[in-house]
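Read through the structure below, which is laid out as structure tokens, and then see the notes.
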Amino acid sequence: MFQLFKLRGFAEYISDTFTFIKFQGKNYFKNYLKFAFIALLLLMVSMSMIGTFYYRVLTTTLGTTMGGDTFDNAFVSENGLMLGIGFLALFIISLYLGMLNYSYPVYYMHLVGKNGNEKPSLKSIRELFKNDFGRLLLFGLLSFLTFIIVGIIAFSIAVVLSFVIIGIFIIILLVPFFITWYSLTLYFYIDKKQDFFAAFKHAFYTITNNFWNIVGASLCMLIIVQVLSTIVTMIPYMITIFGFVFGMQSSQNVDSANLSSNISIMMVIIVIIYCFSILVSTILNHLLLIQNGLVYYSEREKLEYNSMRQSIDEIGKHE
Numbered sequence: 001m002f003q004l005f006k007l008r009g010f011a012e013y014i015s016d017t018f019t020f021i022k023f024q025g026k027n028y029f030k031n032y033l034k035f036a037f038i039a040l041l042l043l044m045v046s047m048s049m050i051g052t053f054y055y056r057v058l059t060t061t062l063g064t065t066m067g068g069d070t071f072d073n074a075f076v077s078e079n080g081l082m083l084g085i086g087f088l089a090l091f092i093i094s095l096y097l098g099m100l101n102y103s104y105p106v107y108y109m110h111l112v113g114k115n116g117n118e119k120p121s122l123k124s125i126r127e128l129f130k131n132d133f134g135r136l137l138l139f140g141l142l143s144f145l146t147f148i149i150v151g152i153i154a155f156s157i158a159v160v161l162s163f164v165i166i167g168i169f170i171i172i173l174l175v176p177f178f179i180t181w182y183s184l185t186l187y188f189y190i191d192k193k194q195d196f197f198a199a200f201k202h203a204f205y206t207i208t209n210n211f212w213n214i215v216g217a218s219l220c221m222l223i224i225v226q227v228l229s230t231i232v233t234m235i236p237y238m239i240t241i242f243g244f245v246f247g248m249q250s251s252q253n254v255d256s257a258n259l260s261s262n263i264s265i266m267m268v269i270i271v272i273i274y275c276f277s278i279l280v281s282t283i284l285n286h287l288l289l290i291q292n293g294l295v296y297y298s299e300r301e302k303l304e305y306n307s308m309r310q311s312i313d314e315i316g317k318h319e
């Protein structure tokens, strides 16, 4: 059984994240992929539509297609609607996935906190998400306006200070700080049913009262996520690109038809790899969101002594 309510420091934030994955990871990601499957699939399709459009524009501009088509052909005008639909779908799906990605760990951990002996079901998570959908939309609007304004001010000051050495370190710390601040605001907003600005302030004070432990752990987890994501996605990219280059060099006489075919195959592979990289990055980012959840439950433990109450209840059951 994973202990959610617990006082944690720098090392515990990182180690307990992987402990949570050990106990709950299979059920957590299985339910997430089931929940987000259609949205992820539509995201891949819309990105493929946009990628196909710009690939066609690129090849006709370079004159690499069969028949020597040029940019001023009818393709752009005939398929402009497809591009518009692709961008609109990409925008709507990205907003939905953004809400789902940030709120899913909130609901999952909420159910774990209520009963740590059971693994949350997809039905329970969907019901919570559906009930809070209106509040999530409001949160998205308010958080966009608030964090954009605060972020512009903070990063502008950091950029000015970057002419002095300290500004570079401030920029490095601001990224995990804002990610954690945003995530904690959502935890207080949904789980504690606070209004947005109360949750906004509560999350800020939670981080600043334990700044180096929380931001330091978030920075380390962010580095871990980025390194793993890069390793998983860059290796297929490099294999594809080198394979294409060496394949072209090994061909003595490459006509325009073969060149167009080779480029088409390479672009299809790159689109597939790109879609795969988004999926991997989305899943790995949950490590950071789970860690932020542990920060939230550590703060609740400090204020509410939940683990002590649970221990007393356990003792009462056995008497």
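Numbered continuously in my numbering, the sequence shown closes out at residue 319. C-beta: ideal position from N, C-alpha, C; glycine also. Being a predicted model, the structure only gives us computed values, none of them experimental.
Residue i, enclosing alpha helix (DSSP H) - first and last residue
i: LEU173; result: 165-191
i: SER156; result: 133-161
i: LYS201; result: 196-208
Residue i versus residue j: straight-line alpha-carbon distance, rounded
i: ILE152; j: PHE144; result: 12 Å
i: ASP72; j: GLY98; result: Note that ASP72 scores a pLDDT of 46, beneath 50, so its modelled location is shaky; the value from the coordinates is reported in the next line. Those two C-alpha atoms are separated by around 37 Å.
i: PHE23; j: LEU111; result: 14 Å
i: PHE204; j: ILE269; result: 43 Å
i: THR70; j: GLY84; result: Confidence is the limiting factor: at THR70 the pLDDT is only 48, short of 50, which leaves the residue's position unreliable and the question unanswerable from this model.
i: LYS192; j: ALA198; result: 10 Å
i: TYR237; j: LYS114; result: 44 Å
i: ILE224; j: GLY116; result: 27 Å
i: ASP194; j: LEU184; result: Per the sequence shown, the amino acid found at residue 194 is Gln instead of Asp. Between GLN194 and LEU184, the C-alpha separation is close to 12 Å.
i: MET221; j: ILE14; result: 7 Å
i: MET82; j: LEU42; result: 14 Å
i: ALA154; j: LEU294; result: 26 Å
i: THR17; j: TYR96; result: 25 Å
i: ILE231; j: ILE21; result: 20 Å
i: SER94; j: LEU40; result: 9 Å
i: MET47; j: VAL227; result: 24 Å
i: ASN285; j: ALA36; result: 14 Å
i: VAL45; j: ILE272; result: 10 Å
i: ILE207; j: PHE200; result: 11 Å
i: ILE171; j: VAL150; result: 14 Å
i: TYR296; j: LEU141; result: 22 Å
i: LEU33; j: ILE235; result: 24 Å
i: PHE2; j: PHE129; result: 23 Å
i: LEU90; j: ILE168; result: 34 Å
i: LEU186; j: PHE147; result: 12 Å
i: ILE283; j: ILE290; result: 11 Å
i: THR64; j: THR233; result: For THR64, the pLDDT reaches just 47, beneath the cut-off of 50, and the residue's location in the model is therefore unreliable, although a value from the coordinates is still provided. Approximately 28 Å between the Cα atoms of the pair.
i: GLU304; j: ILE239; result: 53 Å
i: HIS202; j: ILE190; result: 13 Å
i: ASN209; j: GLU127; result: 34 Å
i: THR19; j: LYS302; result: 21 Å
i: ASN292; j: ILE166; result: 26 Å
i: LEU100; j: GLU12; result: 26 Å
i: MET66; j: LEU287; result: Confidence at MET66 is low in this model, with a pLDDT of 45, below 50, so its placement is unreliable and the value that follows should be read with caution. Their backbone Cα atoms lie some 47 Å apart in a straight line.
Beta-carbon separation (whole angstroms), residue i vs residue j, contact threshold 8 Å
i: PHE87; j: ILE38; result: With 8 Å as the limit, PHE87 and ILE38 do not qualify as a contact, their Cβ atoms being about 19 Å apart.
i: LEU7; j: SER218; result: In fact, because the Cβ distance is near 18 Å, the residues do not count as touching under 8 Å.
i: PHE139; j: PHE188; result: About 11 Å separates the two Cβ atoms, so there is no contact after all.
i: LEU137; j: ALA158; result: With a Cβ gap of about 31 Å, LEU137 and ALA158 do not count as contacting.
i: SER229; j: SER281; result: 5 Å
i: ARG300; j: PHE10; result: ARG300 to PHE10, Cβ: 19 Å. No contact.
i: TYR108; j: ILE92; result: Actually they are not in contact, since the Cβ atoms of TYR108 and ILE92 sit about 24 Å apart, beyond 8 Å.
Contact test: residue i Cβ vs the ligand NAD heavy atom, cutoff 6 Å
i: PHE188; result: Among the components modelled here there is no ligand, and therefore nothing to report on the ligand NAD.
C-beta neighbour in chain C for residue i, strict 7 Å
i: ASN27; result: No chain C is part of this structure, which consists of one protein chain only.
Tell me, please, whether the segment 115-124 touches the segment 16-32 by the rule of three or more beta-carbon pairs shorter than 8 Å.
Taking 8 Å as the limit for Cβ pairs, the verdict is that the segment 16-32 does touch the segment 115-124.
At least three beta-carbon pairs within less than 8 Å, the segment 130-137 to the segment 170-182:
Counting C-beta pairs with one atom in each stretch, the segment 130-137 and the segment 170-182 have fewer than three that are closer than 8 Å, which means they do not touch.
Using a Cβ distance threshold of 8 Å, determine whether the segment 202-216 contacts the segment 269-278, with at least three qualifying pairs required.
At 8 Å Cβ cutoff, the stretches do not touch.
If you pair each beta-carbon of the segment 94-109 with each one of the segment 149-169, do three or more pairs fall below 8 Å?
In the pairwise beta carbon analysis, the segment 94-109 is classified as not touching the segment 149-169: fewer than three pairs are separated by under 8 Å.
4-residue-minimum alpha helix (DSSP H) runs that sit fully inside the segment 74-129, ordered along the chain
You should have 75-78, 80-114.
What residue ranges within the segment 282-306 form continuous beta strand (DSSP E) runs of no fewer than 3 residues, ordered along the chain?
If we require 3 residues or more, the segment 282-306 turns out to have no beta strand (DSSP E) run fully inside it.
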